[in-house]
Amino acid sequence: MTKLDDLPAAVIGGGPVGLAAAAHLMARGMPVRVYEAGEKVAPNLLEWGHVRFFSPWKYSVDPAARSLLARHGKEVPDDNSLPTGADLVSEYLAPLASTPEMAAVIETGARVLAVSRQGMDKVVSKDRSTRPFVLQIAKAAGTSRVLARAVIDASGTWSQPNPLAAHGLPVEGEIEFADRIHYGIPDVLGRHRAVYARRKTLVVGAGHSAGGVILDLVSLAEAVPGTAVLWATRSTNLTRVFGGGLEDQLPARGELGASLKELVESGRVPLVAGIAITAVREDRGILVDGDTAEGARSLGPIDRVVVATGQRPNLDLTRELRLELDPWLECPRALGPLIDPNLHSCGSVPPHGHRELSHPEHGFYTVGIKSYGRAPTFLLLTGYEQVRSVAAAIAGDLVAADEVRLALPETGVCSTRPITIGELASEDCCSGPAPANKDACCIAETEAKTVGEIGCGCRETAWAS
Ligand SMILES: Cc1cc2nc3c(=O)[nH]c(=O)nc-3n(C[C@H](O)[C@H](O)[C@H](O)COP(=O)(O)OP(=O)(O)OC[C@H]3O[C@@H](n4cnc5c(N)ncnc54)[C@H](O)[C@@H]3O)c2cc1C
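Residue numbers (the numbering used here): 1447 to 1911.
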């Protein structure tokens, strides 16, 4: 039987967090292999390559990856300018992947199909943690199996978009009219311009991705008459997307929310909030039916639908492992209460590391945006600190692994009470906006409120730039 210590750690996914995990393991002298399904690293970022990050360069690069690049004389921007998804790949992740150290351990075109333990399925307990992991990998040449001492799942969620319906299942007509529906963030002002110009588009979703598409469609409508946009959300709580405006420590994120709010309040973008979509059908164009508190409604006729309702993790990959997941977010159980959008609307989370990201399956960790399961608001900074802690734990350095130090930019919105449509003009949030340079973590906020205190600004952070 192969000994665990003789094996590399395996990283599933060559996105920004997977590559950062590899850089941290290398920095500790640990052998590692990275398996990336795409033909090149970070293909998900390229799918929304036209989208500009809210986070500036200085918060978008992992420190261990930056050091590795610096050793090869490669500089990555470290300033306040905002990269696009494509910039992040061309100026950071592609150069990182081409360093000799990384090139030697990354396999592209290698899709991990499943993970298990060598010689035992999920049911067997005896000596379980002493057995290597076995990864089943599909490549152009066929399917193979490799062994690993530990597995870091950084496979993201991008390829598993949520459907149109509020109930999470495809609605009637959703598959039939798939050619008129785009899941994700179309490049409305670039490569998909011809598809959206002179057309009426319904955007569904209440997050920043939906917000970005709406702003782009409004720009297109200004340039090309006959272009129009309509917005529908399941929720009447638009706190997260309207955001904290000037209080947001990522100004671009604050500006997006503020612009969106202005477009809705001025009536330039008609918004139907609180609609649960039930069907898509055709009648002189596409009609989208839904239920609202006032009864059934039909939206349209429209030409196209953009579905930006978030993503969900692929759990098939880990079916043979003993995972403990939050029942509704499908993230590691310990992380669930820290990021649950039912409980709070903050962008910030308390520091967390290998302990929160581990599972009963010893040596297996979920990191990156997949660690948030179905919850929104993941930031790369979170992922980089996660993998620093996890790499230290795999290397057996529990002191470093436990010393998690996450400081995230505040959204300026920290409220357990949602802003509803009727309150659009109100600035009230959490007894006033979160003070700048404070981490108004929502758990602490909720606790503070239960004892009658004002919750925001419960903990100082080192975030100030
Ligand atoms: C539009 C948009 C804007 C964002 N803006 C910001 C921002 O401003 N600031 C910020 O900090 N964060 C932002 N994020 C959030 C987050 O940083 C990104 O989603 C980031 O890409 C997450 O990195 P990741 O490595 O966890 O996942 P991904 O980048 O999705 O990488 C996962 C990788 O795993 C690969 N993979 C998947 N399945 C398998 C498999 N079975 N086998 C092998 N490989 C597999 C994929 O091909 C992919 O390369 C944004 C996200 C989106 C969608």
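Idealized CB from N, CA, C, for every residue including glycine. Because the structure is a prediction, the values reported are computed rather than measured.
Within the segment 1679-1745, complete beta strand (DSSP E) segments of at least 3 residues are found at 1717-1719, 1722-1728 and 1732-1738, given in chain order. For N1490, the Cβ falls inside the 6 Å cut-off from some heavy atom of ligand 1.
Selection E1711, V1480, L1593 and P1747 evaluated against D1452 yields L1593 as nearest (Cα-Cα). S1501 is not a Cβ neighbour of L1676, given a cutoff of 7 Å. When the Cα atoms are used, A1846 and G1814 turn out to be separated by approximately 19 Å. By the neighbour-count definition (other C-beta atoms within 10 Å, threshold 16), N1526 is an exposed residue. Counted as a single uninterrupted DSSP element, the beta strand (DSSP E) harbouring R1591 occupies residues G1588 to A1594. Counting only residues of its own chain and dropping the five nearest sequence neighbours on each side, T1603 has a CB closer than 7 Å to the CB of Q1757, R1758, P1759, I1815 and K1816. Annotated three-state conformation of V1675 is strand, per DSSP.
Our two residues, V1641 and D1625, have alpha carbons roughly 11 Å apart in a direct line. For ligand 1, a non-hydrogen atom lies closer than 6 Å to the CB of W1494. For E1553, the secondary structure class from DSSP, reduced to helix, strand or coil, is strand. The beta carbon of R1645 sits closer than 7 Å to those of T1673, D1749 and R1750, all from its chain and outside the five residues before and after it, given in chain order.
Separation of the CB atoms of D1735 and A1722 is rounded to 10 Å, and the pair is thereby denied contact status at 8 Å. Under the three-state reduction of DSSP, T1647 is assigned to strand. Remark: C-beta atoms of V1551 and F1579 do not approach each other more closely than 7 Å.
With a cutoff of 7 Å on beta-carbon distance, L1767 and V1561 are scored as near each other. With a cutoff of 7 Å on beta-carbon distance, E1776 and R1743 are scored as not near each other. Counting every other CB atom within 10 Å of its CB across the protein chains shown gives G1459 a total of 16 or more, marking it as buried. The C-alpha of L1581 lies about 25 Å from the C-alpha of E1831. Across the structure, P1509 and H1808 are spaced so that their CA atoms are roughly 27 Å apart.
Between V1753 and L1610, the CB-CB gap stays under 7 Å. Ranking A1652, P1489, A1584 and Y1629 by CA distance to the CA of A1556 puts A1584 first. Using a 10 angstroms sphere on the CB of S1590, the tally of other CB atoms stays under 16, which defines it as exposed.
Assignment of S1562 by DSSP, reduced to helix, strand and coil, places it in the strand class. Per DSSP, R1768 lies in no beta strand (DSSP E) and is assigned neither H nor E. Distances from the CB of S1501 to the heavy atoms of ligand 1 include at least one below 6 Å.
Membership of A1516 in any beta strand (DSSP E) is not indicated; the residue belongs instead to the alpha helix (DSSP H) covering P1509 to R1517. The Cβ-Cβ distance between G1703 and F1688 falls below 7 Å.
Distance from the C-beta of S1536 to the nearest heavy atom of ligand 1 is not below 6 Å. In this structure L1666 touches R1639 by the C-beta definition: roughly 7 Å separates them, less than 8 Å.
Under the three-state reduction of DSSP, S1804 is assigned to strand. Looking at the DSSP output, T1603 bridges to nothing. Beyond the five residues adjoining it in sequence on each side, A1841 comes within less than 6 Å, by CB distance, of R1474 and M1476 in the same chain, given in chain order. A1540 is positioned such that its CB atom lies no closer than 7 Å to that of A1511. For Q1832, the enclosing alpha helix (DSSP H) stretches over residues L1826 to I1840.
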